[in-house]
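Working notes, structure below.
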Amino acid sequence: MKNIVINGENLKISHIEPVVRKEVRVSLGKDVKETLNSVQRIIKRAIDDRKVIYGVTTGFGALSDVVITKDQRKQLQKNIIMSHSAGVGDVFDEESVRAIILLRINSLAKGNSGARYSTLKTLLDMLNIGVHPVIPEKGSVGASGDLAPLAHLALVLIGKGEAIYKDKLLPGKQAMKKAGIKLCELEAGEGLALINGTQVMTGVGALVVNDSDKLLKTADIAAGMTLEVLLGSNIELNEKIHRARPHNGQIISAENLRRITKNSEIISSHEDCSRVQDAYSIRCCPQVHGASMDTLSYVKKIIETEMNSATDNPLIFPDTGEIFNNGGNFHGQPIALAMDFLTIALSEIASISERRIERLVNPLLSGLPAFLVKNPGINSGLMIAQYTAASLVSENKTLSHPASVDSIPTSANKEDHVSMGTIAARKCRQVLFNAENVIAIELLCAAQALDLFTNLKAGVGTLEAYKLIRKHIPHLEEDRILAIDIDKMRELVHDGAILASVEKKIGALK
């Protein structure tokens with residue numbers, strides 16, 4: 003697939019990664035231009051009939067009762083973009099910016115927002131050519147949408163702000179000129195249409211969902227490796243157990259683990275041992291991982307619905323000619339709750355993984371050499387890797403406090419309940435990063451332990467993961483800088499290399 007065609011209705015989570023990595027171009031559906039042109043005719047007719055249109059013939063927020071004259075309308079659109087560009091802090095990375103632009107284009111393409119086709123085409127050119135506005139991460143309360151960050155995006159369309167083009171930070175006007183993209187002269191209502199939506203929280207959320215899907219499957223791989231080297235039983239993976247409690251995620255995780263550890267000589271070697279039960283971090287893996295999988299499925303549905311939604315006010319309906327000034331689709335509550343839920347689910351994946359890491363490095367629990375290294379004492383081995391995992395898990399617990407339960411009124415109390423959805427999405431992204439590192443540490447430890455089982459063959463999936471790890475990271479014979487190993491392993495987790503290696507051998511994990 004070289005091109006993705008969008009029309010406001012059909013964008014999927016699976017489209018996000020190839021777009022943000024510049025692997026495909028984006029184009030607009032054949033009916034988008036006519037839809038947007040018909041909306042412009044509706045707006046013009048309403049203005050000629052002296053109807054009140056929020057943000058077109060009025061001010062914004064608490065100033066919605068202020069009438070804007072005809073000769074002030076273009077200036078109003080510039081003013082809203084400049085005045086709302088009040089973001090602070092670190093800026094969004096390039097992939098997040100590209101996701102935000104993609105979602106803003108898709109939402110405007112529905113035709114409910116009042117943007118012209120030429121303005122939409124400018125955004126599309128920025129995405130395809132690679133002009134990436136500098137957008138501060140902080141400043142959105144999640145209603146009316148993501149006003150501050152989207153305003154920083156819109157600045158570049160009118161030749162203001164800053165943008166990255168060909169890896170250089172440039173003034174917005176200069177970046178657009180070098181890219182050969184014509185600046186926009188915004189018409190009535192377009193400034194508001196560009197900034198009044200939930201595309202920042204949703205764009206970040208879509209990337210997190212995409213990467214979480216890879217992480218949860220990789221977590222099953224890590225757990226399967228650990229189960230083997232800690233001499234765990236595969237009885238706890240028996241399909242009958244999980245059909246007796248038929249949560250979909252639990253059934254899927256158990257199936258994944260059975261396939262990953264299939265034909266394991268290590269598991270077969272201790273079938274008649276005296277141990278009756280494994281620890282919960284091993285035995286309850288399908289139950290814990292599966293619950294997070296079910297959470298992810300719910301969140302994915304919410305995000306994909308929002309990706310294809312009109313989240314502005316006012317909303318214009320080209321089929322009937324109606325204009326509604328008093329809607330609230332910009333409120334980010336669905337995303338806020340979903341991202342808080344996913345944050346908790348990802349935190350739990352890291353939490354149970356850290357407990358497995360502890361069992362791997364602790365000789366009293368594993369029966370393996372202390373900290374999985376020869377000559378412990380002079381060598382600390384993977385001791386401090388477990389400290390790092392513990393630190394990340396503890397940080398995740400702090401970050402798991404829901405952002406969505408907070409609300410501070412804004413705009414002179416007109417906007418008296420807000421979602422904090424963008425904070426929820428950014429927190430979730432940080433927890434994802436932490437969880438990826440914890441799973442990476444578990445994979446490091448499990449591969450190190452597997453080196454000790456020289457006479458027994460690992461399961462088909464486990465063995466493929468092990469081979470890939472050893473292709474990039476050598477056995478820890480004596481102490482070295484662990485941060486390098488952890489960073490490389492986290493990269494293999496994040497990019498899906500571990501997952502791809504296993505799936506190539508055993509087929510796609512669910």
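If you want this note's numbering, it's the position in the sequence shown, counting the first as 1, plus 2. Quick reminder that beta carbons are idealized off the backbone N, C-alpha and C, glycines included.
Quick check on residue 314: buried or exposed, where buried means 16 or more other Cβ atoms within 10 Å of its Cβ? Your numbering for residue 314 matches position 312 in the sequence shown. Result: buried.
Using a Cβ-Cβ cut-off of 6 Å (strictly less than) and excluding sequence neighbours within five positions of residue 106, which residues of its own chain qualify? Taking the sequence shown and counting its residues from 1, one reaches residue 106 at position 104. Counting only Cβ-Cβ distances below 6 Å, and skipping sequence neighbours, we find 201.
Where residue 88 falls: helix, strand or coil (DSSP): Taking the first residue of the sequence shown as position 1, residue 88 is located at position 86. Here residue 88 sits in coil by DSSP.
In the DSSP assignment, what residue or residues form a beta bridge with residue 164? Counting from one through the sequence shown, the residue named residue 164 turns up at place 162. Paired residue(s): 173.
Residues in its own chain within less than 7 Å of residue 126 by CB, not counting five upstream and five downstream? Along the sequence shown, read from residue 1 onward, the residue named residue 126 stands at position 124. If we look at residue 126 and ignore the five residues flanking it on each side, its Cβ neighbours are 28, 30 and 107.
Please classify residue 232 as buried or exposed, where buried requires at least 16 neighbouring CB atoms within 10 angstroms. The residue labelled residue 232 in the question sits at position 230 within the sequence shown. Buried is the call here.
First and last residue of the beta strand (DSSP E) that includes residue 27? Residue mapping note: residue 27 aligns to position 25 of the sequence shown, counting from 1. Segment 27-30, the beta strand (DSSP E) holding residue 27.
Residue 113 versus residue 300 - alpha carbon distance: Taking the sequence shown and counting its residues from 1, one reaches residue 113 at position 111. Taking the sequence shown and counting its residues from 1, one reaches residue 300 at position 298. About 28 Å.
Residue 338 versus residue 19: straight-line alpha-carbon distance, rounded: What you label residue 338 is simply residue 336 of the sequence shown in a count that begins at 1. What you label residue 19 is simply residue 17 of the sequence shown in a count that begins at 1. Using only the alpha carbons, I get a separation of about 22 Å.
Have a look at 245, 9, 292 and 238 and flag the residue whose alpha-carbon is nearest the alpha-carbon of residue 284. Taking the sequence shown and counting its residues from 1, one reaches residue 284 at position 282. Comparing Cα-Cα distances from residue 284 to each of 245, 9, 292 and 238, the minimum goes to 238.
Give me, in chain order, the residues of the same chain whose beta-carbon lies closer than 6 Å to that of residue 498; leave out the 5 immediate sequence neighbours on both sides. Indexing the sequence shown from 1 puts residue 498 at position 496. Taken in chain order, the residues that qualify are 216.
Go through the stretch 302-377 residue by residue and report every complete run of the beta strand (DSSP E) that reaches 3 residues or more, in order. 317-319 and 324-326
Can you round the beta-carbon distance between residue 440 and residue 352 to whole angstroms, since I take them to be within the 8 Å contact cut? As a working mapping, residue 440 is identified with position 438 in the sequence shown. As a working mapping, residue 352 is identified with position 350 in the sequence shown. Indeed, because the Cβ distance is near 4 Å, the residues count as touching under 8 Å.
Nearest CA to the CA of residue 182: which residue from 458, 378 and 129? Locating residue 182 in the sequence shown gives position 180, counting from the first residue. Closest option to residue 182, Cα to Cα, is 129.
In this structure, how does DSSP classify residue 475 when only helix, strand and coil are distinguished? Against the sequence shown, residue 475 aligns to sequence position 473. Of the three classes helix, strand and coil, the one that applies to residue 475 here is coil, per DSSP.
Could I get the ranges of all uninterrupted alpha helix (DSSP H) runs contained in the stretch 441-511, with 4 residues as the minimum, in chain order? 462-474, 484-496 and 499-508
Could you have a look at residue 70 and say whether DSSP puts it in helix, strand or coil? By one-based count along the sequence shown, residue 70 stands at place 68. Coil, per DSSP.
Mind reading off the beta-carbon distance from residue 109 to residue 312? Whole number of angstroms is fine, and I expect it under 8 Å. On the sequence shown, residue 109 is found 107 positions in, with the first residue counted as 1. On the sequence shown, residue 312 is found 310 positions in, with the first residue counted as 1. At roughly 6 Å, the Cβ-Cβ gap stays under 8 Å, so residue 109 and residue 312 are in contact.
First and last residue of the uninterrupted beta strand (DSSP E) at residue 5: Position 3 of the sequence shown, counted from the first residue, corresponds to residue 5. Counting along the chain, the beta strand (DSSP E) containing residue 5 begins and ends at 5-8.
DSSP beta-bridge partners for residue 417? Along the sequence shown, read from residue 1 onward, the residue named residue 417 stands at position 415. Partner(s): 412.
Using a Cβ-Cβ cutoff of less than 7 Å, which residues in the same chain neighbour residue 42 once the five nearest sequence positions on both sides are dropped? Within the sequence shown, numbered from 1, the residue matching residue 42 stands at position 40. 118.
DSSP beta-bridge partners for residue 60? Within the sequence shown, numbered from 1, the residue matching residue 60 stands at position 58. According to DSSP, residue 60 bridges with 69.
With H, G and I counted as helix, E and B as strand and the rest as coil, what does DSSP make of residue 139? By 1-based counting over the sequence shown, the position of residue 139 is 137. Reduced to three states, the DSSP call for residue 139 is strand.
What are the partner residues of residue 381, as DSSP defines its beta bridges? Mapped onto the sequence shown, residue 381 falls at position 379. For residue 381, which the question treats as bridged, DSSP gives the partners 378.
Where residue 54 falls: helix, strand or coil (DSSP): For the purposes of this step, residue 54 is taken as the residue at position 52 of the sequence shown. Of the three classes helix, strand and coil, the one that applies to residue 54 here is coil, per DSSP.
For residue 160, the nearest candidate out of 96, 121, 222 and 169 (CA to CA): Locating residue 160 in the sequence shown gives position 158, where the first residue counts as 1. Minimum Cα distance to residue 160 is reached at 121.
Where does the unbroken alpha helix (DSSP H) through residue 121 begin, and where does it stop? Position 119 of the sequence shown, counted from the first residue, corresponds to residue 121. Residues 119-131.
Limits of the alpha helix (DSSP H) - the one that residue 17 falls within: As a position in the sequence shown, residue 17 is number 15, starting the count at 1. Run containing residue 17: 15-22, per the alpha helix (DSSP H) assignment.
For residue 428, is the classification buried or exposed, using 16 other Cβ atoms within 10 angstroms of its Cβ as the cut-off for buried? On the sequence shown, position 426 is the one that residue 428 refers to. Flag for residue 428 reads buried.
Ignore the nearest five residues each way along the sequence and tell me which others in residue 449's own chain have a CB closer than 6 Å to its CB. By 1-based counting over the sequence shown, the position of residue 449 is 447. Counting only Cβ-Cβ distances below 6 Å, and skipping sequence neighbours, we find 468 and 471.
Contact belief for residue 83 with residue 190 at Cβ below 8 Å, rounded distance in angstroms: Start at 1 with the first residue of the sequence shown, and residue 83 comes out as number 81. Start at 1 with the first residue of the sequence shown, and residue 190 comes out as number 188. No, residue 83 and residue 190 are not in contact; Cβ-Cβ is about 14 Å, not under 8 Å.
Per DSSP, residue 134 forms a beta bridge with which residues? Position 132 of the sequence shown, counted from the first residue, corresponds to residue 134. Residue 134 pairs with 166.
CA nearest to the CA of residue 487, picked from 505, 455, 151 and 445: Reading the sequence shown from its first residue, position 485 is the one you call residue 487. Of the listed residues, the one whose Cα sits closest to residue 487 is 445.
Through-space distance from residue 288 to residue 451, alpha-carbon basis: Here the question's residue 451 lines up with position 449 in the sequence shown. Here the question's residue 288 lines up with position 286 in the sequence shown. In a straight line, the C-alpha of residue 451 is about 22 Å away from that of residue 288.
Do residue 174 and residue 158 come within 8 Å of each other at the CB atom, strictly closer than that value? Locating residue 158 in the sequence shown gives position 156, where the first residue counts as 1. Locating residue 174 in the sequence shown gives position 172, where the first residue counts as 1. Yes, Cβ-Cβ distance for residue 158 and residue 174 is below 8 Å.
Check whether the Cβ atoms of residue 207 and residue 148 sit closer than 8 Å, and answer yes or no. In the sequence shown, residue 207 corresponds to position 205, counting from 1. In the sequence shown, residue 148 corresponds to position 146, counting from 1. The answer is no: Cβ separation not under 8 Å.
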